[in-house]
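Written below as structure tokens is the structure these notes are about.
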């Protein structure tokens, strides 16, 4: 059995990074700790910190670094000097916040050879990153190999240089970036796209070319510039142009149409933007040109932005009129993509207008047109909502092969096959469920119920903490990345830095397949009460199974007592708490939610009023009171939402009114269909993770309840 794979919620990512600025520390006062590195290490039961073994992601990409180590006499296991520690780190951070370059130079000298030696140099260089040279950045990476700050500096440098169109500098450091995010990948691709290496630039095509949802600015820039890539075909350009016409991206429309030999003038787009009705009125009087096909889709997109209903009426009228003509003005491709525009816009209004099967019909009318992922996902979700199982199969088939293989879409393909009258498809569905049931994530737990299996926490260690050898405990602090993370945590320095060092340490250990090191570090974090990082370590390592570490149960007496008082399942309360805060008492989201249960201030005031208490922000955020308030509120919305845990979970995240709006107007709905069609992606994923968490916690608490039984059925809204 594989371990549960639980993604972080948006709130979780927010509080993990709550004090982090992308380029430098936010203006604030850092508390200077008197805890030196030696004291921090001593507190962990060790007297010396050694450098971690050097490991690179791709051997052929880092020959330059290997050569440097051999020529410079760099020792992979050389000990850091333990006399420059967290107090110097904190003081240097304050200097960086002031922009005091002179002080940072002094800290570079004072902290040289220490565990945090790279930080003052990083902060100094990052104060004016655009003025740095690729050679200087490369030297930093060579000087501090295998560190998260080297990775961050070179990645930030690539983004900065790509943003200023210095693509040569980007190419010079591209091979040093090992863990790029979307924006950084686009920065590297821009470097190659503008440096003649069109093939390497094309590696990012699937991420950016047909994407219509919000993405990093560098990815938008890459998609626009790829228009001139020699490996982009006219078929590619036409596919992107249709999406840009739908979105109304004027610059992209003009550039793509020009390359296709059918240039669209800005004046024509502007005229339609100002008065779409006038365009539709004169369209019937104009010739059936390709240019007019494009302008029709642009006009349809602008009307649909204001009202998909008005756009549907316009399209229906135009097609009826056109069908009476001997020479059609709307070709089949334009008609199909006009329906696609309607389908996408209809799915964007499910919360306000309620769900409607017309979205499925509109997508089906556009089937012979290629789909990007967002369109295929919308089609699939609409079809799932209305049990249009043939359409579910069609929608999944429009996704790329790797996406189709994901647990999410394998589950829904199995659900569709399960409804078939074809015995072979039903047998295929059973095999698919059996394969999914090997996992313990949301879809794996759902699949278990389909094939009669039961989740058993004892097979993953139950509540028993893993035994860790003395040697593995020692190895944790011999790993420089983990050592930095623990020292920063103990010193109460900026949690953003401690978390970043920890996450990097986990990645390095995972890449080396050093499961024992991950377990030892996670156990150490657990013992210190650093539960969110223990959870992160287990959740982000494929081969490590320990429910005691990944699903801890702090404050158990309070959680059980207050849950019972509120009339709710303690396993559900733990499921909410794990997803909301990862058990960080001081967690605070960017919208003001706080504490273990992430209770909003206005909600806390409402709870206090109903409990007959005087509201106090400090008390509401405290561990015990926050649990009491959170469980009371869970019970409150549980009662108001048909005593239905899925509805109440959605209501806890997005508000009870939204949870109600997503109910079916007529007839009940299977809970998995309700969840998959929740209009807010954050809430959709949140509910899945909470239901997964609660199922696992129910087994840990000795009150095991299968996930499908827990989720039940969603009643109609009336």
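Numbering (this note's numbering), first residue to last: 1 to 718.
By construction, the Cβ of each residue, glycine as well, lies at the ideal position given by its N, Cα and C atoms.
Inset, instruction - With a cut-off of 8 Å on the beta carbons, I'd call residue 408 and residue 443 a contact; round off their distance for me. - result: For this step, residue 408 is matched to residue 408 along the chain shown. For this step, residue 443 is matched to residue 443 along the chain shown. Contact check for residue 408 and residue 443: beta-carbon distance about 6 Å, within the 8 Å limit, so the pair qualifies.
Legend entry - Reduced DSSP category for residue 594 - H, G, I as helix; E, B as strand; rest coil: Locating residue 594 in the chain shown gives position 594, where the first residue counts as 1. Reduced to three states, the DSSP call for residue 594 is strand.
Legend entry - Three-state secondary structure (DSSP) of residue 493: Sequence index remark: in the chain shown, residue 493 carries index 493 (1-based). Correct three-state label for residue 493: coil.
Legend entry - 8 Å Cβ cutoff, residue 202 in contact with chain D: Absent here is chain D; the protein component of the structure consists of one chain.
Legend entry - CB-CB length for residue 690 against residue 671, believed under 8 Å: The sequence position of residue 690 within the chain shown is 690, counting from 1. The sequence position of residue 671 within the chain shown is 671, counting from 1. So it is not a contact: roughly 13 Å between Cβ atoms.
Legend entry - Beta-carbon separation (whole angstroms), residue 504 vs residue 540, contact threshold 8 Å: Looking up residue 504 in the chain shown gives position 504. Looking up residue 540 in the chain shown gives position 540. That belief does not hold up - the Cβ atoms of residue 504 and residue 540 are roughly 11 Å apart, past 8 Å.
Inset, instruction - Pull up the DSSP beta-bridge partners for residue 232, would you. - result: Taking the chain shown and counting its residues from 1, the one referred to as residue 232 is at position 232. In the DSSP output, where bridge partners are listed per residue, residue 232 has none listed.
Inset, instruction - Would you tell me roughly how many angstroms separate the C-alpha atoms of residue 705 and residue 344, rounded to the nearest one? - result: Within the chain shown, residue 705 is the residue found at index 705, counting from 1. Within the chain shown, residue 344 is the residue found at index 344, counting from 1. Cα to Cα, the separation comes out at about 37 Å.
Legend entry - Unbroken alpha helix (DSSP H) run spanning residue 435, endpoints: Working through the chain shown from its first residue, we reach residue 435 at position 435. Residues 423-436.
Inset, instruction - Determine the direct distance from the alpha carbon of residue 314 to that of residue 299, and round the result to whole angstroms. - result: Here residue 299 refers to the residue found at position 299 when the chain shown is read from its first residue. Here residue 314 refers to the residue found at position 314 when the chain shown is read from its first residue. Rounded to whole angstroms, residue 299 to residue 314 spans 10 Å at the Cα level.
Legend entry - Span of the alpha helix (DSSP H), counted from its first residue to its last, around residue 86: Here residue 86 refers to the residue found at position 86 when the chain shown is read from its first residue. Counting along the chain, the alpha helix (DSSP H) containing residue 86 begins and ends at 86-98.
Legend entry - Close Cβ partners of residue 488 (< 7 Å) along its chain, the five nearest in sequence each way excluded: Here residue 488 refers to the residue found at position 488 of the chain shown. Answer for residue 488: 86, 497, 498 and 501, listed in chain order.
Legend entry - Buried or exposed (CB count within 10 angstroms, at least 16 for buried), residue 681: Reading the chain shown from its first residue, position 681 is the one you call residue 681. When all chains shown are included, residue 681 counts as exposed.
Inset, instruction - With a threshold of 7 Å, establish whether the CB of residue 684 neighbours any heavy atom of the ligand GDP. - result: As presented, the structure is devoid of all ligands, the ligand GDP included, so that no description of it is given.
Inset, instruction - Answer with buried or exposed for residue 711, where buried requires no fewer than 16 other C-beta atoms within 10 angstroms of its C-beta. - result: If you number the chain shown from 1, residue 711 lands on position 711. Buried.
Legend entry - Runs of alpha helix (DSSP H) wholly within the region 128-213 (minimum 4 residues, chain order): 134-143, 148-163, 167-173, 182-193, 198-201 and 205-208
Inset, instruction - Find the nearest neighbour of residue 721 within the set 634, 458 and 626, judged by alpha-carbon distance. - result: The structure shown has nothing for residue 721, since the chain only spans 1 to 718.
Legend entry - Residues near residue 699 by beta carbon distance below 7 Å, same chain, minus five either side: Position 699 of the chain shown holds residue 699. The residues are 455, 456 and 457.
Inset, instruction - Tell me where the alpha helix (DSSP H) around residue 309 begins and ends. - result: Numbered from its first residue, the chain shown carries residue 309 at position 309. 308-323 is the span of the alpha helix (DSSP H), which, as asked, contains residue 309.
Inset, instruction - Under 8 Å Cβ to Cβ from residue 276, same chain only, skipping five residues before and after it: list those, please. - result: As a position in the chain shown, residue 276 is number 276, starting the count at 1. Exclusion of the five residues before and after residue 276 leaves 299, 302 and 303 as the residues of its chain whose Cβ lies within less than 8 Å of its Cβ.
Inset, instruction - Within 10 angstroms of the Cβ of residue 286, are there 16 or more other Cβ atoms? Answer buried if so, exposed if not. - result: Taking the first residue of the chain shown as 1, we reach residue 286 at position 286. Exposed is the call here.
Legend entry - Short Cβ contact (8 Å threshold) for residue 104 with residue 91: Stepping through the chain shown from its first residue, residue 104 is reached at position 104. Stepping through the chain shown from its first residue, residue 91 is reached at position 91. Cβ atoms of residue 104 and residue 91: not closer than 8 Å.
Legend entry - Three-state secondary structure (DSSP) of residue 475: Within the chain shown, numbered from 1, the residue matching residue 475 stands at position 475. In this structure, residue 475 counts as helix in the three-state DSSP scheme.
Legend entry - Rounded separation between residue 538 and residue 266 - CA only: Numbered from its first residue, the chain shown carries residue 538 at position 538. Numbered from its first residue, the chain shown carries residue 266 at position 266. Straight-line Cα distance between these residues: approximately 54 Å.
Legend entry - Distance between residue 183 and residue 217 (C-alpha atoms, nearest Å): Counted from its first residue, the chain shown places residue 217 at position 217. Counted from its first residue, the chain shown places residue 183 at position 183. Each residue's alpha carbon lies about 8 Å from the other.
Legend entry - Beta-carbon proximity check, residue 187 vs residue 201, cutoff 8 Å: The count along the chain shown starts at 1 and reaches residue 187 at position 187. The count along the chain shown starts at 1 and reaches residue 201 at position 201. Contact flag unset, no.
Legend entry - Enclosing alpha helix (DSSP H) for residue 374 [first to last residue]: Sequence index remark: in the chain shown, residue 374 carries index 374 (1-based). That run of the alpha helix (DSSP H) goes 373-385.
Legend entry - Between the CA atoms of residue 519 and residue 506 - distance to the nearest angstrom: Reading the chain shown from its first residue, position 506 is the one you call residue 506. Reading the chain shown from its first residue, position 519 is the one you call residue 519. Distance between the alpha carbons of residue 506 and residue 519: 10 Å.
Inset, instruction - Identify which residue in 529, 262 and 611 has its Cα closest to the Cα of residue 490. - result: As a first step, residue 490 is located in the chain shown; it is residue number 490 there, counting from the start. It is 529 whose Cα lies nearest to the Cα of residue 490.
Legend entry - Residues near residue 676 in its chain [Cβ-Cβ closer than 8 Å; skip 5 each side]: For the purposes of this step, residue 676 is taken as residue 676 along the chain shown, with counting starting at 1. These residues qualify, in order along the chain: 381, 384, 385, 412 and 684.
Legend entry - Endpoints, alpha helix (DSSP H) assigned at residue 118: Translated into positions along the chain shown, residue 118 becomes position 118. For residue 118, the enclosing alpha helix (DSSP H) covers residues 118-126.
Inset, instruction - Just confirm the distance between the C-beta atoms of residue 246 and residue 341, as a whole number of angstroms; I'd bet it's less than 8 Å. - result: Walking along the chain shown from the start, residue 246 turns up at place 246. Walking along the chain shown from the start, residue 341 turns up at place 341. Going by Cβ atoms, the distance from residue 246 to residue 341 rounds to 5 Å, so yes, they are a contact pair.
Legend entry - Nearest-angstrom beta carbon gap, residue 324 and residue 284 [assumed within contact, 8 Å]: As a position in the chain shown, residue 284 is number 284, starting the count at 1. As a position in the chain shown, residue 324 is number 324, starting the count at 1. Contact flag wrong, Cβ pair sits at about 11 Å.
Legend entry - Reference residue 368; option with closest CA among 251, 350, 242 and 336: The residue labelled residue 368 in the question sits at position 368 within the chain shown. Residue 336 is the option with its Cα nearest to residue 368.
Inset, instruction - Mind reading off the beta-carbon distance from residue 173 to residue 137? Whole number of angstroms is fine, and I expect it under 8 Å. - result: The sequence position of residue 173 within the chain shown is 173, counting from 1. The sequence position of residue 137 within the chain shown is 137, counting from 1. Indeed they touch by this definition, with Cβ atoms about 6 Å apart.
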